[in-house]
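Trainee: The structure follows.
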Amino acid sequence: MNRTEHLLECLSEECCEVGQRVSKALRFGLKEIQKGQELTNAQRIVEELHDLISVAHILYSAGVIGAVWPSPEHTAAKLAKIEKFMEIGRVHGALQEPRP
Numbered sequence: 001m002n003r004t005e006h007l008l009e010c011l012s013e014e015c016c017e018v019g020q021r022v023s024k025a026l027r028f029g030l031k032e033i034q035k036g037q038e039l040t041n042a043q044r045i046v047e048e049l050h051d052l053i054s055v056a057h058i059l060y061s062a063g064v065i066g067a068v069w070p071s072p073e074h075t076a077a078k079l080a081k082i083e084k085f086m087e088i089g090r091v092h093g094a095l096q097e098p099r100p
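Under UniProt numbering, think of the first position of the sequence shown as 1, with each following residue one higher.
Here you go:
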């Protein structure tokens with residue numbers, strides 16, 4: 001395994017860690033603090049995202065991948081796509097509005 005492959009493996013691991021922390025937040029709530037931890041699940045998600053973005057930036061700095069921060073246009077397009085699919089979920093009853 002070379003340096004690039006190692007960094008790509010680190011990126012993959014960080015993606016999984018973000019997913020795992022999101023799953024914990026969905027199961028136990030964003031405000032839950034796991035026994036033996038100091039941070040809430042919401043805070044731990046941010047920490048994992050920082051790790052993920054850091055590894056991506058290292059790969060960018062090494063010339064392995066392109067810029068990692070999305071443009072405002074890309075973000076707006078992604079938001080529109082998410083909203084479109086959320087509406088489909090609402091129509092079919094799979095997505096419920098939060099209770100007051």
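Where is the CB? At the ideal position from N, CA and C, for every residue including glycine.
Could you pull out every residue in the same chain whose Cβ sits closer than 6 Å to the Cβ of N41, ignoring the five residues on either side in sequence?
Mentor: K24, A25, L30, E32
Trainee: Going by C-alpha to C-alpha distance, which of R90, E83, E48 sits closest to E17?
Mentor: E48
Trainee: Just mark E87 as buried or exposed, buried being the case when its beta carbon has 16 or more other beta carbons within 10 Å.
Mentor: Residue environment for E87: exposed (fewer than 16 other C-beta atoms within 10 angstroms of its C-beta).
Trainee: Using 8 Å as the Cβ pair cut-off and three pairs as the minimum, do the region 88-96 and the region 48-58 touch?
Mentor: no
Trainee: Taking L8 as part of the alpha helix (DSSP H), name the residues at either end of that continuous run.
Mentor: 3-28
Trainee: Please list, in chain order, all residues of the same chain as L8 whose beta carbon is under 8 Å from its beta carbon, the five residues on each side excluded.
Mentor: L59, V64
Trainee: Given residue 123, which residues of its chain have a CB within under 6 Å of its CB, disregarding the five upstream and five downstream residues?
Mentor: In the structure displayed, the chain extends from 1 to 100; residue 123 sits before or after that span and is not available.
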